[in-house]
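Below you'll find the structure, written out as structure tokens, and then a few comments.
Protein chains: 2
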Amino acid sequence: MDLHGGNIYKIFREKEVDKILDYSSNINPFGLPESLKKAITENMDILEKYPDPDYYDLRKTIAEYNGTGIDNVLAGNGATELIFLYMKAVKPEKALILSPTFAEYERGIKSAAPQCEITYFHLKETEDFQPDMERLKDELQKGYDLIVLCNPNNPTGRFLPKEEIRDLLSECDKYGTRLFVDEAFVEFVEGGVSSSLAGEDINKKNLFIIRALTKFFALPGLRLGYALFFDSSLKEIFDSLKEPWSVNAFAELAGKTLFSNTEYIEKTENWIKEEKKYMFNELSKIKNIKVYKTETNFILLKMYNESASHVRGEMLKKGVLIRDASNFTYLDETFIRLAVKDRENNNIVIKKLDEVINGDNENE
Amino acid sequence: MDLHGGNIYKIFREKEVDKILDYSSNINPFGLPESLKKAITENMDILEKYPDPDYYDLRKTIAEYNGTGIDNVLAGNGATELIFLYMKAVKPEKALILSPTFAEYERGIKSAAPQCEITYFHLKETEDFQPDMERLKDELQKGYDLIVLCNPNNPTGRFLPKEEIRDLLSECDKYGTRLFVDEAFVEFVEGGVSSSLAGEDINKKNLFIIRALTKFFALPGLRLGYALFFDSSLKEIFDSLKEPWSVNAFAELAGKTLFSNTEYIEKTENWIKEEKKYMFNELSKIKNIKVYKTETNFILLKMYNESASHVRGEMLKKGVLIRDASNFTYLDETFIRLAVKDRENNNIVIKKLDEVINGDNENE
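Just so you know, the sequences run in chain order A and B. For the first sequence, my numbering gives the first residue as 1, with consecutive numbering after it. For the second sequence, my numbering gives the first residue as 1001, with consecutive numbering after it.
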């Protein structure tokens, strides 16, 4: 599989380079929290038992973190398992996906409901990919059973505040439309989880939210995601479809350890607040590209004179892996995506990108 | 979920007991290999990356261990993911399951192909649950597209040697019937993986084998299983259906570490060879039960005067969790299953079982 354009293992195997700065995946540069390393070292023996098939304690911790009930929480092997599971449970017949966006929603729908009529709601380049909410509400009248959006959106970095999601949800309620929101990057938004609708005391029956610990806690290798759902009739369907023990014991431990790590959380919040501004400003100084405003830890760029595949290749020669964003629906070979990481590496990547796009001597 | 009768977490939550000897799950009593603990401690940072979506190195190690090609190997989140994936890929219309057996095969078929006509091939109590191969071959004439068997079989402990599987497979070839064999416990059989057909140089197109590292390497919490398949046309289907990164980075590390741990493997082989005999002999001395011969690390028992639920409850009061086997197809409330563990605990469990079945003063 050559997933999402960033298979570093394949790159190493094929010996394109032997060391790499990975700006294609959007992982917190502070790395794995020390508290989790400690917990793993001290609890190695939990591997000798099957995980709790109900993931009771884990779900309790997640519920407390989000201000929901434990019965609103479903744990999964990364958010990916939950995308596929949800699609299997609701088997949509007519779905609307706000696009460009992460490709797995469509893959999940097609896998669960091959007959589903999938329509893209076009997030327009001319509108800087910000959803036009009035146009979206009009579109809802066409009678979808499912709306899918990613918030903040990958790869555009745009974020809809919870008031907008609340309005959209109440519009969905009119038509009996389910609303799927991927909040895998929500902790990087200013306000963090409080900028989500998850903990609000309103009718959320049609809302389904997925989250991952992957990005914020820098543990994509551990595989922990969760869903927040508010339609109790889904519980039985999930139970009947879910494969047992999909969350491993260390992922379970991570969930129980990390939400209370306020030091790591605050440190990350402070870093991203500064660094996304810095990186946006510095990238904006580079000629011949357009930099899209972001509210999370990655940045979409459009290049006026270069192709993504060429720039990706040239950056790779310089030891930096970036995301060629041309395979997102509605994007083309002029788009790339960069992660936001620590200042030192960001500066290196910004400089190299300028070199690739404008030539080595551009600023001399 | 109250899976397979042994949810110890629920028991603890409901405070039935606060410490337990778990004889309901069949895990190697030597526990997590030290080499893996060391590898995890020294490679904590692999969690900061996504696992290799191709699991190339892991599959290479597995292929070498089994004498197959790397393209014959599929890695999964425990064997469970692979049961479900296989059923989704082949979508059987008429399946035969050798029963009693592990319930997940039927669950997997029903989830993937709800219309599938499922027939049980009855492994008879009067034949000590040993499959009658002639009767099975006759049954094949009815035109199944899939035969499912577990070898060694859970919960009966019976094992079909590879010559029998080879004959069965060649019979399957006549009718274009696929043969699914769960070998999750094969390493506990005398001869280990060499008693499997996996590495034999014959036409194995219709054969699909699943394995887990769960039981033998005592890591049910880590979630690593794999499949060996020989029908190259399945590869594309698996690729299209498989959820990415279902195997976590530590599970990947375990696969790369453990197959070369010959010390642990030999120690375990020596232990199980002795201990299954010992436990069979000692249990056979208990009155009012029948002990079935086993070739693996668990033992099926039939009780003449007691019900499984009663005995399970009484054993739990004594701090031992056993498997009430009454919910296996064709078994009833007279059946229980015990793990084979270390000598000291086996003696404790044997004594307590005798007390529960025959009264505390039975031997006085």
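All residues carry an ideal CB built from backbone N, CA and C; glycine is no exception. Computed from a predicted structure; not experimentally measured.
Close Cβ partners of residue i (< 8 Å) along its chain, the five nearest in sequence each way excluded
| i | result |
| --- | --- |
| P1053 of chain B | P1244 and W1245 |
| K1215 of chain B | N1026, I1027, N1028, A1184, F1185, E1187, F1188 and N1297 |
| S309 of chain A | D324, S326 and E333 |
Cutoff 8 Å: residue i Cβ touching any chain A Cβ
| i | result |
| --- | --- |
| T1061 of chain B | no |
| E1243 of chain B | yes |
| A1218 of chain B | yes |
| G1221 of chain B | yes |
| Y1086 of chain B | no |
| Y1264 of chain B | no |
| N1154 of chain B | no |
| Y1226 of chain B | no |
| S1233 of chain B | no |
| Y1105 of chain B | no |
| N1371 of chain B | Lying before the first or after the last residue shown, residue 1371 of chain B is absent from chain B, which here runs from 1001 to 1364. |
| Y1009 of chain B | yes |
Minimum Cβ-Cβ distance from residue i to chain B less than 8 Å
| i | result |
| --- | --- |
| L258 of chain A | no |
| Y278 of chain A | no |
| T80 of chain A | yes |
| I350 of chain A | no |
| W271 of chain A | no |
| N305 of chain A | no |
| F250 of chain A | yes |
| S246 of chain A | yes |
| S111 of chain A | yes |
| N297 of chain A | no |
| N363 of chain A | Residue placement at N363 of chain A is poorly supported in this model, since its pLDDT is 47, which falls under 50; the coordinates are not used for a value here. |
Assigned exposure category for residue i - 16 Cβ within 10 Å defines buried
| i | result |
| --- | --- |
| T68 of chain A | buried |
| N1248 of chain B | buried |
| R1135 of chain B | exposed |
| K1088 of chain B | buried |
| P1114 of chain B | exposed |
| E295 of chain A | buried |
| K174 of chain A | exposed |
| S196 of chain A | buried |
| Y1055 of chain B | buried |
| R13 of chain A | exposed |
| N66 of chain A | buried |
| D1342 of chain B | exposed |
| Y226 of chain A | buried |
| T1262 of chain B | exposed |
| K285 of chain A | exposed |
| I202 of chain A | exposed |
| N363 of chain A | Reliability fails at N363 of chain A, whose pLDDT of 47 lies under 50, so the model's placement of it is uncertain and the value that follows must be treated cautiously. Exposed, by the Cβ-count rule. |
| D354 of chain A | buried |
According to DSSP, residues forming a beta bridge with residue i
| i | result |
| --- | --- |
| R323 of chain A | A:R337 |
| F229 of chain A | A:F208 |
| L1160 of chain B | Answer is none; L1160 of chain B lacks a bridge partner. |
| S1240 of chain B | Answer by DSSP bridge pairing: none, since S1240 of chain B is not bridged. |
| H122 of chain A | A:S99 |
| I1147 of chain B | B:L1096 and B:L1179 |
| I62 of chain A | I62 of chain A is not bridged to any residue. |
| K290 of chain A | A:K302 |
| G359 of chain A | None, per the DSSP bridge assignment. |
Sequence-distant residues of its chain with Cβ nearer than 7 Å to residue i (five each side left out)
| i | result |
| --- | --- |
| L338 of chain A | Y23, F298, I299, L301, I322 and V349 |
| I118 of chain A | A95, I97, E106 and I109 |
| E1139 of chain B | L1096 and F1121 |
| L1032 of chain B | A1218 and L1219 |
Sequence-distant residues of the same chain with beta carbon closer than 6 Å to residue i, five excluded per side
| i | result |
| --- | --- |
| L169 of chain A | L179 and L207 |
| C172 of chain A | L179 and N206 |
| K1290 of chain B | K1302 |
| I1210 of chain B | A1079, L1082, D1182 and A1227 |
| K1060 of chain B | I1070 |
| L160 of chain A | N151 |
| D231 of chain A | K205 |
Chain D contact for residue i (CB, 8 Å cutoff)
| i | result |
| --- | --- |
| G157 of chain A | In the displayed structure, chain D is absent; the protein chains listed are A and B. |
Residues in the segment 1167–1180 of chain B having any Cβ partner in chain A nearer than 8 Å:
The segment 1167–1180 of chain B vs chain A, Cβ under 8 Å: nothing.
Interfacial residues, the segment 1038–1056 of chain B to chain A, with Cβ spacing under 8 Å
Across the segment 1038–1056 of chain B, CB contacts with chain A closer than 8 Å involve I1040, T1041, M1044, D1045, I1046, L1047, E1048, K1049, Y1050, P1051, D1052, P1053, D1054 and Y1056, in sequence order along the chain.
Pull out every residue of the segment 1011–1036 of chain B whose Cβ sits closer than 7 Å to any Cβ of chain A, in chain order.
The residues in question are R1013, S1025, I1027, G1031 and L1032.
At a Cβ cut of 7 Å, what residues of the segment 315–332 of chain A count as close to chain B, listed as they run along the chain?
Across the segment 315–332 of chain A, no CB contact with chain B closer than 7 Å is found for any residue.
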